[in-house]
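The structure under discussion appears below in the form of structure tokens.
Protein chains: 2
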Amino acid sequence: MIKVLLYEDNPQLREGLTMLISGSEGFDVLAGFKNCNNVVEEVEAFNPDVILMDIDMPGVNGIEGLKRIRAGNTTVKILMLTVFDDNKNVFQAISNGANGYILKKTPPGKLLEYIAEAQTGGAPMTASIATQVLKMFSSMNNEKGEDYHLSDREKQVLQLLVDGFSYKMIASDMFIAIDTVRSHIKKIYEKLHVNSKSEAVAKAFKDRIV
Amino acid sequence: MIKVLLYEDNPQLREGLTMLISGSEGFDVLAGFKNCNNVVEEVEAFNPDVILMDIDMPGVNGIEGLKRIRAGNTTVKILMLTVFDDNKNVFQAISNGANGYILKKTPPGKLLEYIAEAQTGGAPMTASIATQVLKMFSSMNNEKGEDYHLSDREKQVLQLLVDGFSYKMIASDMFIAIDTVRSHIKKIYEKLHVNSKSEAVAKAFKDRIV
DNA sequence: AAAACGCTCACATTATCATGTGGTTGTTTG
DNA sequence: CAAACAACCACATGATAATGTGAGCGTTTT
């Protein structure tokens, strides 16, 4: 029996969901609330397996509720429920430890399937949401910048610069003369098209060279 | 009719998949290949809707194949297929524009469903993969670092340092004396627990202060 | 009202960096 | 084989950064 806790401000939808879920074999809605004002206490009291959490609620909304729950409970499964698949909320929800993100227009059969999936450690997502997540992910990691063709030795020097080493320290660390360090750094500046240590360090991060 | 192109080195599995997919209503396998050596030409020649791409293949593997296709074609849907749900490959695949990532143990019925889902713009993922993706996502954005309590002025100075400004430039940019810049920077170093400009710049990036 | 803090400025010394010019090896590649 | 490049080292000079000590002024917090 999967124990479900429900957060949804619309009374009709809350009723409907309760009937649907509790009326199904193996599912039980412990309680339903119209906002997250006392979410921490409620979750602790009912100890559910899965929480269905609407995002748009008056008072403490779903994202804030999610944060509050996760502050003290990292095991209960939380499924975010929303009418919109807008970027910001998806990002927020996932960053704060939601286990899934589904649209309200999800057909009843699918919804039960998703709840079960969440309970067993899956990450149910409506197709449009999953697509968004992948897009976000790839956009974050695709700005991998150009290849500046730094040699191995140059990369090594740059790495040490980033770590705050002085030329002298780099020289002794790499067992080379300080003048060699200088010439490497000069090369690095040329290749990165920068004119100072700070810019080189900044660029190393921006373009994920280190 | 969804046109499918297949890349899979195991001849039996390739045959099996071809029969399964082509034998189903609305699906057709245009061709199957045992590696990605000529993937770009093949994709261009057959113009499929969906590509099923095995990851572990001799010669040019699936990830590399994915990259090659995406270099010139961002519309064809690519479903990665693998036996392992290991972190690195998932990450690589998604970062390089895969539309979905499913395990080979996926039951036939589900597989067809996934292909159809990919074709209509969805992002089919095996549950375990979806969970991994969410984990990666939240771990990436949760290291938001401590708050170092930098004052507005200090943040401003740090920002300019990151941009490669010298003390002199910062002074004239902020209309303050160079000695004031110095004292700000000294404060910044103390608050960030660093001892050099480079480390401060590095930390500014790592902890997303700028 | 005293303490704490942010912001400002000054002066001085040493360490480090940026830049230039020049050179020797050894490997890779057209 | 010659050219290109990576990696190494040297000497020199001016610019910049790091560090220390000290201080005035205004606002916020206790």
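So the sequence lines, in the order shown, correspond to chains A and B.
Mapping to the working numbering: the first sequence position 148 is 151, numbers consecutive.
Mapping to the working numbering: the second sequence position 198 is 201, numbers consecutive.
No residue lacks a Cβ here, since even glycine has one placed at the ideal position from N, Cα and C.
One question on the structure: do residue i and residue j come within less than 8 angstroms of each other, judged by their Cβ atoms?
i: residue 126/A; j: residue 5/A; result: no
i: residue 163/A; j: residue 176/A; result: yes
i: residue 201/A; j: residue 160/B; result: no
i: residue 41/A; j: residue 66/A; result: no
i: residue 68/A; j: residue 56/A; result: yes
i: residue 226/B; j: residue 95/B; result: Nothing can be reported for residue 226/B: it is not among the residues displayed for chain B, which extend from 4 to 213.
i: residue 38/B; j: residue 19/B; result: no
i: residue 79/B; j: residue 54/B; result: yes
i: residue 140/A; j: residue 140/B; result: yes
When you compare only the Cα positions, how much space is there between residue i and residue j?
i: residue 134/A; j: residue 170/B; result: 46 angstroms
i: residue 197/A; j: residue 206/A; result: 9 angstroms
i: residue 87/B; j: residue 81/B; result: 18 angstroms
i: residue 152/B; j: residue 84/A; result: 36 angstroms
i: residue 190/A; j: residue 138/A; result: 36 angstroms
i: residue 178/B; j: residue 172/B; result: 10 angstroms
i: residue 58/A; j: residue 64/A; result: 6 angstroms
i: residue 204/B; j: residue 157/A; result: 19 angstroms
i: residue 195/A; j: residue 70/B; result: 25 angstroms
i: residue 209/B; j: residue 109/A; result: 39 angstroms
i: residue 43/B; j: residue 17/B; result: 19 angstroms
i: residue 14/B; j: residue 193/A; result: 51 angstroms
i: residue 199/B; j: residue 130/B; result: 46 angstroms
i: residue 212/A; j: residue 150/B; result: 26 angstroms
i: residue 29/A; j: residue 60/A; result: 28 angstroms
i: residue 124/B; j: residue 77/B; result: 12 angstroms
Go through its chain and collect everything with a Cβ distance to residue i's Cβ below 6 angstroms, but skip five positions before and after it.
i: residue 46/A; result: 72
i: residue 36/B; result: 10
In chain order, what residues of the same chain lie with their CB nearer than 7 angstroms to the CB of residue i, ignoring the 5 residues before and after it?
i: residue 90/B; result: 135
By the criterion of Cβ-Cβ separation under 9 angstroms, what are the contact partners of residue i in chain B?
i: residue 175/A; result: The contacting residues do not exist; residue 175/A stays about 16 angstroms from chain B at best.
i: residue 36/A; result: Per Cβ cutoff of 9 angstroms: no residues; residue 36/A is ~25 angstroms from chain B at best.
Under 8 angstroms Cβ to Cβ from residue i, same chain only, skipping five residues before and after it: list those, please.
i: residue 128/A; result: 103, 104, 105 and 136
i: residue 174/A; result: 180, 181, 183 and 184
i: residue 168/A; result: 176
i: residue 132/A; result: 88, 93, 104, 105 and 106
i: residue 34/B; result: 8, 9, 45 and 49
For a contact meaning CB atoms closer than 8 angstroms, what does residue i contact in chain B?
i: residue 85/A; result: What residue 85/A touches in chain B: nothing, since even the nearest Cβ is about 16 angstroms away.
Using a C-beta to C-beta distance shorter than 7 angstroms, which residues of chain A count as neighbours of residue i?
i: residue 97/B; result: 137, 140 and 141
i: residue 128/B; result: 133
i: residue 204/B; result: 201, 204 and 205
Residues of chain A with a CB under 8 angstroms from the CB of residue i: which are they?
i: residue 120/B; result: 130
i: residue 198/B; result: 167
Mind checking whether the beta-carbon of residue i lies closer than 7 angstroms to any heavy atom of the ligand NAP?
i: residue 57/B; result: Among the ligands in the structure shown, none appear at all, so the ligand NAP cannot be discussed.
So residue i contacts chain B; which residues on that side make the cut at Cβ distance below 7 angstroms?
i: residue 125/A; result: 130, 133 and 134
i: residue 164/A; result: 201
i: residue 74/A; result: By Cβ distance, chain B contributes nothing, its closest Cβ being about 13 angstroms from residue 74/A, past 7 angstroms.
* Asked: At a cut of 8 angstroms, does the segment 12-26 of chain B reach the segment 110-122 of chain B through at least three beta carbon pairs?
  -> Verdict: yes, contact present.
* Asked: Does the pairing of the segment 177-191 of chain B with the segment 4-18 of chain B give three or more beta-carbon distances under 8 angstroms?
  -> Judged by Cβ distances under 8 angstroms, the segment 177-191 of chain B makes no contact with the segment 4-18 of chain B, as fewer than three pairs qualify.
* **the segment 97-106 of chain A in contact with the segment 85-104 of chain B per 3-pair CB rule at 8 angstroms** => no
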